[in-house]
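Undergrad: At position 13 of the sequence shown (counting the first as 1) the number is 366 in my numbering, and the numbers step up by one without a gap.
I'd like to ask some things about the structure below.
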Amino acid sequence: MTGNALPSNPTGPRSSGAPSGSGRLDPAIAARLKRDADGLVPAIAQQYDTGEVLMLGWMDDEALHRTLTTGRCTYWSRSRREYWVKGDTSGHVQHVKSVALDCDADTLLVKVDQVGAACHTGDRTCFDADVLPLAK
Numbered sequence: 354m355t356g357n358a359l360p361s362n363p364t365g366p367r368s369s370g371a372p373s374g375s376g377r378l379d380p381a382i383a384a385r386l387k388r389d390a391d392g393l394v395p396a397i398a399q400q401y402d403t404g405e406v407l408m409l410g411w412m413d414d415e416a417l418h419r420t421l422t423t424g425r426c427t428y429w430s431r432s433r434r435e436y437w438v439k440g441d442t443s444g445h446v447q448h449v450k451s452v453a454l455d456c457d458a459d460t461l462l463v464k465v466d467q468v469g470a471a472c473h474t475g476d477r478t479c480f481d482a483d484v485l486p487l488a489k
């Protein structure tokens, strides 16, 4: 394995993180992650073939473990305080193609094949509805 790409089938004891769960994130991966005060890491979802940035979600060790082992994006909802698998209620599924850790080990890039809208508003991405003007 090269760079900061994460393996697709981690095993081992679960590291300490925010919300507890039943999965076991590979301890080598868990040791590398830099989490926020709540034990979370931002996860950027990107369309694998076009490079389109779709959304930002949050993962703890359990959510990352589930994402790596199921092939479906699992996030931690900060507002609902529960795990959610993208598409379970909407049908707008994210099929995971790869997961990479950035150079600072504090952000995940999840390349996915997005089925339907990625944004909860029904838009294709969370970033196309409010583009800010640039100074000339």
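Ideal placement from N, C-alpha and C gives every residue a C-beta, glycine not left out.
Going by the beta-carbon positions, is the gap between T403 and A416 smaller than 8 Å?
TA: Looking up residue 403 in the sequence shown gives position 50. Looking up residue 416 in the sequence shown gives position 63. Cβ distance not < 8 Å, so T403 and A416 don't count as in contact.
Undergrad: Find out if the Cβ-Cβ distance for the pair A471, T478 is shorter than 8 Å.
TA: Mapped onto the sequence shown, residue 471 falls at position 118. Mapped onto the sequence shown, residue 478 falls at position 125. Yes, they are a contact pair.
Undergrad: Identify, in the order they occur along the chain, each residue of the same chain with its Cβ nearer than 8 Å to the Cβ of Y436, setting aside the five sequence neighbours on each side.
TA: The residue you call residue 436 lines up with position 83 of the sequence shown. The answer, listed in chain order, is P372, G374, E415, A416, R419, T427, Y428, W429, S430.
Undergrad: Between the C-alpha atoms of T423 and K464, what's the straight-line distance to the nearest angstrom?
TA: Sequence index remark: in the sequence shown, residue 423 carries index 70 (1-based). Sequence index remark: in the sequence shown, residue 464 carries index 111 (1-based). Rounded to whole angstroms, T423 to K464 spans 14 Å at the Cα level.
Undergrad: Hey, A398 and L386: beta-carbon distance below 8 Å or not?
TA: As a working note, residue 398 is residue 45 in the sequence shown. As a working note, residue 386 is residue 33 in the sequence shown. No, the pair does not count as a contact, with Cβ atoms beyond the cut-off.
Undergrad: On a Cα-Cα basis, can you pick out the residue from P395, V468, L487 that is closest to V449?
TA: For the purposes of this step, residue 449 is identified with residue 96 of the sequence shown, where counting begins at 1. Here the closest residue by C-alpha is V468.
Undergrad: According to DSSP, what are the bridge partners of H448?
TA: Along the sequence shown, read from residue 1 onward, the residue named residue 448 stands at position 95. Beta-bridge pairing links H448 to R425, D466.
Undergrad: Less than 6 Å between C-beta atoms, sequence neighbours within five positions excluded: which residues of the same chain meet that for H473?
TA: One-based indexing of the sequence shown puts residue 473 at position 120. Hits under 6 Å: none found.
Undergrad: Enumerated in chain order, which unbroken segments of the beta strand (DSSP E) with a length of 3 residues or greater are wholly contained in the segment 377 to 409?
TA: Those beta strand (DSSP E) runs which fall completely within the segment 377 to 409 and span 3+ residues are 394 to 400.
Undergrad: To which residues of the same chain is L409 closer than 8 Å at the C-beta, ignoring the five residues directly before and after it?
TA: As a working mapping, residue 409 is identified with position 56 in the sequence shown. So the qualifying residues of the chain are P395, A396, I397, A398, C479.
Undergrad: Would you decide whether K489 is buried or exposed? Buried here means 16 or more other CB atoms lie within 10 Å of its CB.
TA: Here residue 489 refers to the residue found at position 136 of the sequence shown. Per the 10 Å Cβ criterion, exposed.
Undergrad: Using the three-state DSSP reduction, which class does L454 fall into: helix, strand or coil?
TA: Numbered from 1 along the sequence shown, position 101 holds the residue referred to as residue 454. Looking at L454 - three-state DSSP - the assignment turns out to be strand.
Undergrad: CB V446 to CB R433, shorter than 8 Å?
TA: In the sequence shown, residue 446 corresponds to position 93, counting from 1. In the sequence shown, residue 433 corresponds to position 80, counting from 1. Cβ distance not < 8 Å, so V446 and R433 don't count as in contact.
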